[in-house]
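Sequences listed follow chains S and G, in order. Per UniProt numbering, the first sequence runs over residues 1 to 213. Per UniProt numbering, the second sequence runs over residues 1 to 183. A virtual CB, placed ideally from N, CA and C, is assigned to each residue, including glycine. Take a look at the structure below.
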Amino acid sequence: MHEQEVRAVLSAHAGQEAPPNLLPVILKQVQRRRARSRWLRRTALALVCAFAFLTFVPGGGTAVATVRQIQPTLYLRTNLAEAQQVARSPLVLPPSVPGYFGEIPIGPDAPAVVGRWLSYETVAVSITDDPEGTGVMYFDLRRSTDLNGEMPLADHPDRTTQEVMVGEYPGVVVLHAGHPLLVWWKTDTHQYRLTVGGADTVAELVRIAETIR
Amino acid sequence: MSQCPAPANEADWVERARRGDAEAFARLYEAYQSSAFGAAILLTNDRTLAADVVQEAFIKAFLAMPRFRSGQPFRPWFFRILTNEALRSLKRKRLWERFRPAPREQPAPVPTPEALALDRERAEEVWKAVSELPEIGRAAVVLRYYLGLSEEEMTSVLGVPAGTVKSRVARARERLKHILANV
């Protein structure tokens, strides 16, 4: 068998004709694939950015998740069953049932705070392991004053309130050392409260409240 | 017979195509379409599949042009894409054929004057022997004898050392001889 023979047979079988004119299809496909590739790259980048924002930016979109995820962790310190119940329950308190909002972290080394809703506007807060034994304080969130007169809210060195609008409803944010602890607001039919461990600013807390509302 | 020499203006076309010039790529397409189609037919033994392979190989080549190293020969680079695409298509085809009834016989190619000049019967035997070669061996034979690539170019196309290229071609020739001897 000679090489020439193989060459001739191969050429005979390959034929001499060119394929149908594929150039327009090729150029169109190239354009399409480039567009698709650009779209995929942009989508992937957007997803990575969104993930990074939600995961790493303090108070980014994660704050909403923080509210729901951190709260049960905090409650776990006292009562697992209650924590699970609270974690599952919506952030709405019916007007007739004063609610319990549990522990609120006010800093890594700060004493834990336990609060209980007494009425639509009043919350009792106790600092559980306060070395000075401040005891229970009653906050009228609407008027931002202490009800029992032992320690006016305004006089507390670290605690303040700030009036805000949650959407179209007026509300109050309670801050400890400038750090927002909770936001409270009331509509015609319901009263809402939101405790938060992830928000760093009042605006952020209000934004979370609006998102949840 | 297709020995597919590199066109004189190739370096210029390649350079322009690297920068995304579709017109320059069209020139490359015109220069290589015929040999690419022939090689694809020989590799796949299926004209329809061959057209798909050629189309896909050119698309991939155009998309990969910005990554093509300037100053390198275009021909082995392109035929590497084409060969890989043909082998991939054959793999896909085999997979499909497991789930589908056997396709109808391909129509015989239109004989060229060259083919007519050959002893038809002998030519059929040789082609049958070539098509019975394993895919890797057939690729080596097509690149060497149809496209007329040098050993160095084949090394680049097949992505194997020169010694392996030589042994593949030699094994394919031995096998062809053996098949033809038993016909």
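Inset, instruction - Excluding the 5 residues preceding and the 5 following Gln162/S in the sequence, name in chain order all residues of the same chain whose CB lies nearer than 6 Å to its CB. - result: These residues qualify, in order along the chain: Val173, Val202.
Inset, instruction - Measure the alpha-carbon distance for Pro20/S versus Ala51/G and round it to whole angstroms. - result: Distance between the alpha carbons of Pro20/S and Ala51/G is about 8 Å.
Legend entry - Continuous alpha helix (DSSP H) stretch holding Pro76/G: start and end: In the DSSP assignment, Pro76/G falls within the unbroken alpha helix (DSSP H) covering 74-99.
Inset, instruction - State the Cα-Cα distance for the pair Ala81/S and Leu54/S, rounded to the nearest angstrom. - result: Below a pLDDT of 50, predicted positions are generally treated as unreliable, and Ala81/S, at 46, falls in that range; the measurement from the model is reported next regardless. Whole-angstrom Cα-Cα distance: 29 Å.
Legend entry - Under 8 Å between C-beta atoms of Glu85/G and Glu56/G: yes
Legend entry - Pro134/G versus Ala17/G, Arg75/G, Leu43/G, residue with shortest Cα-Cα distance: Leu43/G
Inset, instruction - In angstroms with no decimal places, state the Cα-to-Cα distance between Gly15/S and Ala50/S. - result: 55 Å
Legend entry - Own chain residues within Cβ distance below 6 Å of Gln31/S, not counting five before or after: none
Inset, instruction - Spell out whether any CB of chain S is found under 8 Å from the CB atom of Ile81/G. - result: no
Legend entry - Phe37/G - containing alpha helix (DSSP H), residue span: Looking at the DSSP string, the run of the alpha helix (DSSP H) that includes Phe37/G is 22-44.
Inset, instruction - Show which residues of chain S have a CB atom less than 8 Å away from the CB atom of Val141/G. - result: Neighbours of Val141/G on chain S, chain order: Val6, Leu10.
Inset, instruction - Would you mind telling me which residues of chain G sit closer than 8 Å to Tyr33/S, beta carbon to beta carbon, in chain order? - result: Checking the sequence shown, residue 33/S turns out to be Arg, not Tyr. Residues of chain G passing the Cβ test: Ile59, Leu63.
Inset, instruction - Buried or exposed for Glu153/G, please, with buried defined as at least 16 other CB atoms from any protein chain shown within 10 angstroms of its CB. - result: buried
Legend entry - Beta-carbon proximity of Pro73/G to Leu149/G, cut-off 8 Å: no
Inset, instruction - Please work out which residues of its chain come closer than 6 Å, Cβ to Cβ, to Ala162/G, disregarding the five sequence neighbours upstream and downstream, and give them in chain order. - result: Glu151, Thr155
Legend entry - According to DSSP, residues forming a beta bridge with Met165/S: Answer is Pro170/S, bridged to Met165/S.
Legend entry - Where Val160/G falls: helix, strand or coil (DSSP): coil
Inset, instruction - Quick one: give me the first and last residue of the alpha helix (DSSP H) that Gly137/G is part of. - result: Counting along the chain, the alpha helix (DSSP H) containing Gly137/G begins and ends at 135-141.
Legend entry - chain G within 8 Å of Leu45/S, Cβ atoms only: It does not; no Cβ of chain G falls within 8 Å.
Legend entry - DSSP state of Leu175/S mapped onto helix, strand, coil: Of the three classes helix, strand and coil, the one that applies to Leu175/S here is strand, per DSSP.
Inset, instruction - Please confirm whether Tyr145/G and Gly38/G have their CB atoms less than 8 Å apart. - result: no
Inset, instruction - Excluding the 5 residues preceding and the 5 following Phe25/G in the sequence, name in chain order all residues of the same chain whose CB lies nearer than 6 Å to its CB. - result: Ala17, Phe62
Legend entry - Partner residues on chain S for Arg51/G, Cβ-Cβ distance less than 8 Å: Correcting the residue type first, residue 51/G is Ala in the shown sequence and not Arg. Chain S residues near Ala51/G: Pro19, Pro20, Leu22.
Legend entry - Coil, strand or helix - Thr55/S by DSSP: helix
Inset, instruction - Could you tell me which chain G residues have their CB closer than 8 Å to the CB of Val25/S, listed as they occur along the chain? - result: Gln55
Inset, instruction - Could you have a look at residue 217/S and say whether DSSP puts it in helix, strand or coil? - result: Nothing can be reported for residue 217/S: it is not among the residues displayed for chain S, which extend from 1 to 213.
Legend entry - Own chain, CB closer than 6 Å to Leu176/G, minus 5 neighbours either side, in chain order: In the same chain as Leu176/G, and ignoring 5 residues on each side of it, the C-beta atoms closer than 6 Å to its own belong to Ala129, in chain order.
Inset, instruction - Could you tell me which chain C residues have their CB closer than 8 Å to the CB of Ile41/G, listed as they occur along the chain? - result: Of the protein chains in this structure, namely S and G, none is chain C.
Inset, instruction - Quick one: using the 10 Å Cβ neighbour count with 16 as the cut-off for buried, is Pro180/S buried or exposed? - result: buried
Legend entry - Partners in chain G for Val30/S, counting only beta-carbon separations shorter than 9 Å: Ala22, Phe25, Phe58, Ile59, Phe62, Leu63
Legend entry - Close-in-space but distant-in-sequence residues of the same chain around Ile81/G (CB under 6 Å, 5 per side omitted): Result list for Ile81/G: Ala57, Lys60, Ala61, in chain order.
Legend entry - Reference Leu49/G; option with closest CA among Arg92/G, Tyr29/G, Ala11/G: Arg92/G
Legend entry - Status (buried if at least 16 other CB within 10 Å, exposed otherwise) for Trp13/G: buried
Legend entry - Between the CA atoms of Arg19/G and Thr83/G - distance to the nearest angstrom: 25 Å
Legend entry - Check whether Val126/G and Val48/S have beta carbons under 8 Å apart: no
Legend entry - Contact check, Leu22/S vs Val54/G, beta carbons under 8 Å: yes
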